[in-house]
Amino acid sequence: MPDALRHKHLLEAADLDLDDATLVLDTAAQIEAALAGREVKKLPTLRGRTVVNLFFEDSTRTRISFELAAKRLSADVINFSAKGSSVSKGESLKDTALTLEAMGADGIVVRHSASGAPHRLATWVAGSVVNAGDGTHEHPTQALLDAFTIRKRLGRLEGVRVVITGDVLHSRVARSNVQLLHTLGAEVTLVAPPTLLPVGVGSWPVTVSYDLDAVLPTADVVMMLRVQAERMNASFFPSAREYSRRYGLDADRVAKLSDDAIVMHPGPMVRGMEIAADVADSARSTIVEQVGNGVSVRMAVLYLLLGGSA
Amino acid sequence: MPEPQRLLTADDVTRVVDRMAHQLIERAAGSATGAEGGGDGLDGLADLVLIGIPTRGAPLARRLAARIETFTGTPVDVGAVDITLYRDDLRTRGVRALEATHLPDAGIDGRLVVLVDDVLFSGRSVRAALDGLRDVGRPRAVQLAVLVDRGHRELPIKADFVGKNVPTARSQQVKVRLAEVDGEDGVTVTDA
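Going down the list, the protein sequences come from chains A and B. If you count the first sequence from 1, position 15 lands on 15 in the working numbering, and the numbers rise without skipping. If you count the second sequence from 1, position 119 lands on 119 in the working numbering, and the numbers rise without skipping.
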């Protein structure tokens with residue numbers, strides 16, 4: 001087991017090999033154990049380091065999660081959102097990045113609507129860049145927290161059968177999860193209407209199915225994705241009701257799952273669309289747990305990227 | 001490559017651990033909060049918590065607890081506090097993998113905590129452990145037990161229980177091996 005990650009940035013799930021990914025998950029577990037039951041949930045590790053949350057796109061849980069993670073490690077946190085900044089006056093990503101660089105940011109957590117924006121950013125700044133979601137490309141810390149949640153609930157990742165259902169085409173969560181879960185030895189099946197699968201899905205390390213009912217009985221994990229109406233510029237399915245009937249997770253479908261299978265959702269979820277309210281609130285659901293795990297995993301990522309000398 | 005020189009054999013380690021266990025019993029009995037001269041003085045052991053500093057301090061703390069229980073019949077609480085996230089040398093030496101932290105269910109508030117480590121050198125690990133303890137509770141008192149004290153302190157820190165004092169040169173390397181981690185017991189010193 002190595003002590004540190006191979007890469008200075010975390011831009012996509014493929015930056016992590018099996019050792020790296022395992023190191024992040026183990027570190028997150030140790031941090032969680034170290035903070036469990038403590039009154040002072042703060043560690044001095046990143047004292048004097050500055051983390052900038054650079055959010056060009058709306059986010060609730062990811063931004064708060066990164067902010068909390070950085071603060072629990074005693075880093076100074078600057079939150080930057082495009083609204084109310086010079087970006088609305090026409091400043092480019094590069095100029096924004098150079099400004100932050102001049103202010104001495106050690107880590108930049110970036111969310112952007114353009115796929116690849118974090119990669120560009122990483123070439124302009126000296127600090128570490130963490131991708132917090134770029135367009136329809138990747139969201140690696142979400143995949144890490146999902147893997148962490150699966151490992152915690154099921155005790156393993158190797159050989160775990162994960163079904164990812166919904167709007168795969170627009171989902172950065174799906175892309176990162178497919179890559180990371182494959183690295184960690186899980187078997188992934190994608191289920192979606194043909195219109196919501198990306199071109200080239202045939203080259204991904206996954207099995208593709210169009211029939212949710214057929215794959216549920218053998219699944220260990222069902223991960224539901226939100227239908228991203230805001231990214232849709234065409235009609236991908238006839239109606240919300242039809243989508244929900246064929247690809248939504250309701251109580252009848254959950255009854256087909258094995259006893260210890262779990263239901264996941266990266267959030268934000270649309271109750272009644274891809275997931276029924278009673279399923280989201282059931283004991284199988286890890287949706288709230290995923291949020292808590294997100295803080296531990298992001299603390300692990302920030303520690304491993306910013307804790308050392310680099 | 002200079003040959004490592006053996007300071008303690010496996011049997012020596014066992015004897016040293018036994019002696020330290022007896023010293024801990026004596027000290028805990030003597031410091032029992034409610035001791036009014038009566039009883040066997042073992043009440044103080046309920047108050048005692050052994051906290052190991054990973055890697056090798058953790059199994060060492062478990063061994064000491066097991067020996068104390070063998071000698072007195074009283075179980076002693078054990079825990080471990082990983083100090084990596086409290087270190088002052090992460091920037092110069094880089095990040096490293098974390099190790100397990102766990103505390104006894106009864107916590108450490110108001111109790112006698114004895115920190116346990118394999119080698120006492122600069123004292124910086126102990127400082128980090130003290131910082132870590134401060135975040136988990138407020139012990140009545142904190143003491144320090146080490147298997148080997150090799151000198152060269154960089155901070156005003158002193159051990160309360162020492163298995164063996166070993167005068168060394170700063171450049172030498174003292175290596176403690178424990179069966180739980182390394183497959184066998186022993187202490188060696190190597191010239192740089």
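Ideal Cβ positions, reconstructed from N, Cα and C, are used throughout, including at glycine.
- Partner residues on chain A for B/VAL136, Cβ-Cβ distance less than 7 Å: Think of a sphere of 7 Å around the beta carbon of B/VAL136: the chain A residues whose beta carbon falls inside it are ARG38, in chain order.
- Message: Using beta carbons (cut-off 7 Å, strictly below), is A/LEU184 in contact with chain B?
- Response: no
- Query: Under 7 Å Cβ-Cβ, which residues of chain A neighbour B/HIS102?
  - Reply: ALA33
- Message: Determine whether the beta carbon atoms of A/SER176 and A/GLU230 lie at a separation below 7 Å.
- Response: no
- Residue-chain proximity (A/THR323, chain B), Cβ-Cβ < 7 Å: Since the first and last residues shown for chain A are 1 and 310, residue 323 of chain A lies out of range.
- Item | Interface partners of A/LEU313 on chain B, CB under 7 Å | Any property of residue 313 of chain A remains undetermined from this structure, which presents chain A solely from 1 to 310.
- Query: In chain B, which residues lie with their C-beta within 8 Å of the C-beta of A/PRO44?
  - Reply: Listed along chain B are LEU85, TYR86, ASP131, each with a C-beta nearer than 8 Å to that of A/PRO44.
- Message: Quick test of your reading: A/VAL188 and A/LEU10, contact by CB under 8 Å. State the CB separation rounded to the nearest angstrom.
- Response: About 21 Å; that fails the 8 Å criterion.
- Assumed close pair B/ASP82, B/PRO54 - CB separation to whole angstroms, cut-off 8 Å: 5 Å
- Within 7 Å (strictly less), CB to CB, does B/LEU112 reach chain E? The chain labelled as chain E is not found among the protein chains of the depicted structure, namely A and B.
- Message: Beta-carbon within less than 6 Å of A/ALA14's beta-carbon, same chain only, minus the 5 sequence neighbours each way: which residues are those?
- Response: These residues qualify, in order along the chain: GLN179.
- Query: Should A/THR60 be flagged as near chain B, meaning a C-beta pair shorter than 7 Å?
  - Reply: no
- With a Cβ-Cβ cutoff of 7 Å, do B/VAL174 and B/VAL162 count as a contact? The Cβ atoms of B/VAL174 and B/VAL162 do not sit closer than 7 Å to each other.
- Task: Can you grab the Cα-Cα spacing for the pair A/LEU112 / A/LEU157, in whole Å?
- Result: Note that residue 112 of chain A corresponds to His in the displayed sequence, not to Leu. One C-alpha to the other measures close to 30 Å.
- Message: Quick check: what's the CA-CA separation for A/PRO198 versus A/LEU169?
- Response: 5 Å
- Is the shortest distance between the beta-carbon of B/GLY37 and the beta-carbons of chain A less than 7 Å? Residue confidence is low: B/GLY37 scores 45 on pLDDT, short of 50, so the model does not pin down where it sits. No coordinate-derived value is stated.
- DSSP-derived helix/strand/coil call for A/SER65: Helix.
- Message: On the CB-based measure, 16 or more other CB atoms within 10 Å of its CB, does B/THR70 come out buried or exposed?
- Response: exposed
- Contact the region 116 to 135 of chain A vs the region 49 to 66 of chain A: 3+ CB pairs below 8 Å: yes
- Task: Scan the region 18 to 30 of chain A for residues whose Cβ lies nearer than 8 Å to a Cβ of chain B and list them as they occur along the chain.
- Result: Look at the region 18 to 30 of chain A: the residues with a C-beta under 8 Å from a C-beta of chain B are LEU23, ASP26, THR27, GLN30.
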